[in-house]
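Trainee: The structure that follows is given in the form of structure tokens.
In full-length UniProt numbering, the protein residues as written are 1 to 115.
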């Protein structure tokens, strides 16, 4: 019986560990609230394809809000640098328009298009 109890405890610990792994990714999903899971007309869907009603990606929003930490996080995680919203604006346009110079410099250093 002691062995069965030990196995049950190990199973519970494994479940707790997997729950904590899931909760870490929940933070990412919170940042993406308000964005549909995919873009119409695209077959492949991933978190960076999510756009709001203006066609803004999570990176656009972070640039608009001046959130350097989130911009850096998204770029480090592989967010494309040059997506265009429905008006043709890139995250660099948004950062410059809103006066977020440090974000604009980071985007340029990461290969943002200058047009």
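In this text, a Cβ means the ideal position worked out from N, Cα and C, and glycines have one as well.
1) Could you tell me whether the Cβ atoms of residue 54 and residue 62 are closer together than 7 Å?
2) Looking at residue 91: is its Cβ nearer than 7 Å to the Cβ of residue 68?
3) Please specify which runs of the alpha helix (DSSP H), each continuous and at least 4 residues long, are wholly inside the segment 37-94, giving them in chain order.
4) Would you mind sorting residue 59 into buried or exposed? The rule is 16 or more other CB atoms within 10 Å of its CB.
5) Residue 79 and residue 48: beta carbons closer than 7 Å?
6) Please report the residue range of the alpha helix (DSSP H) in which residue 113 lies.
7) Determine the direct distance from the alpha carbon of residue 98 to that of residue 111, and round the result to whole angstroms.
Mentor: Well, looking at it:
1) For this step, residue 54 is matched to residue 54 along the chain shown. For this step, residue 62 is matched to residue 62 along the chain shown. The answer is no: Cβ separation not under 7 Å.
2) Residue 91 sits at position 91 when you count from the first residue of the chain shown. Residue 68 sits at position 68 when you count from the first residue of the chain shown. It is not a contact, given that the beta carbons lie outside the stated cut-off.
3) The segment 37-94 is shown to contain whole alpha helix (DSSP H) runs of 4 or more residues at 58-65, 68-76, in chain order.
4) Residue 59 sits at position 59 when you count from the first residue of the chain shown. Of the residues assessed, residue 59 falls on the buried side of the cut-off, its CB having 16 or more other CB atoms within 10 angstroms.
5) What you label residue 79 is simply residue 79 of the chain shown in a count that begins at 1. What you label residue 48 is simply residue 48 of the chain shown in a count that begins at 1. A contact, by the Cβ cut-off of 7 Å.
6) For this step, residue 113 is matched to residue 113 along the chain shown. Unbroken run through residue 113: none, as it is neither H nor E.
7) On the chain shown, position 111 is the one that residue 111 refers to. On the chain shown, position 98 is the one that residue 98 refers to. Each residue's Cα considered, the two are about 20 Å apart.
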